[in-house]
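Residue 126 in our numbering is what sits at position 112 of the sequence shown, and the numbering runs on without skipping anything.
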Amino acid sequence: MNIIKLAVGINSVEDLKDRQELKRQKYGNNTHITRLFPKKYLEVKNNGSMYWVINGFISVRQKIRDIKKVEHDNGIQYCHIILDNKLIETQVIRFRPFQGWRYLNMEKAPNDLSLDEKRLDGELIKTLKELCII
Numbered sequence: 015m016n017i018i019k020l021a022v023g024i025n026s027v028e029d030l031k032d033r034q035e036l037k038r039q040k041y042g043n044n045t046h047i048t049r050l051f052p053k054k055y056l057e058v059k060n061n062g063s064m065y066w067v068i069n070g071f072i073s074v075r076q077k078i079r080d081i082k083k084v085e086h087d088n089g090i091q092y093c094h095i096i097l098d099n100k101l102i103e104t105q106v107i108r109f110r111p112f113q114g115w116r117y118l119n120m121e122k123a124p125n126d127l128s129l130d131e132k133r134l135d136g137e138l139i140k141t142l143k144e145l146c147i148i
C-alpha cells in the first residue's frame with residue numbers, strides 16, 4: 015500500500031529535491047508531517063512509497079522508511095512520515111487535485127522510469143501527455 019500526496023508549491027522533481035535537501039540540512043532528516051495517521055500504516059510502512067503529484071501529474075516517489083505518531087509542543091498529535099532521501103522518477107500519470115493524502119494501491123501505482131525514459135525530459139513527457147500524443 016502506498017500514499018499519494020500533492021506537492022503543493024513544487025514545480026518540478028528538481029524543485030522537490032532542492033526543497034527536501036534544505037529540510038534535511040535544517041532538521042537532519044526527511045520527514046513529511048501531516049495531521050492524519052494512516053489506519054493501514056503497517057501496510058504502508060512495510061513496503062510503501064509516497065507518490066508525489068507535481069503540477070497535476072504523479073512524477074516521482076520516495077520509499078517510506080517509518081511512520082510515527084508525534085505529539086508537538088501544542089499538545090496535538092501529528093503523523094511523521096519519514097521518507098528515504100532518494101527520489102525515484104515514475105512514469106508520468108495525470109492525477110486530479112485532492113486534499114490531504116490518499117492511499118494508492120500497488121496495482122494503480124505508476125511504474126518507475128526505465129533508463130531510456132529517464133533520458134527524456136520530464137516536462138516534455140508531461141506536454142506530450144497533455145496533447146494526447148503519448
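Ideal Cβ positions, reconstructed from N, Cα and C, are used throughout, including at glycine.
Everything numeric in this text was worked out from a predicted model, so none of it was measured.
Remark: C-beta atoms of I24 and I72 do not approach each other more closely than 8 Å.
When secondary structure is reduced to three states using DSSP, L97 falls in the strand class. Take K83, set aside five residues on each side of it, and the residues of its chain with a beta-carbon closer than 7 Å to its own are F51, Q91 and C93, in chain order. In the three-state DSSP reduction, L127 falls in the coil class, being neither helix nor strand. Per DSSP, the unbroken beta strand (DSSP E) holding V106 starts and ends at I102 to R108.
Residue environment for S63: buried (at least 16 other C-beta atoms within 10 angstroms of its C-beta). Where E28 is concerned, the enclosing alpha helix (DSSP H) starts and stops at V27 to Y41.
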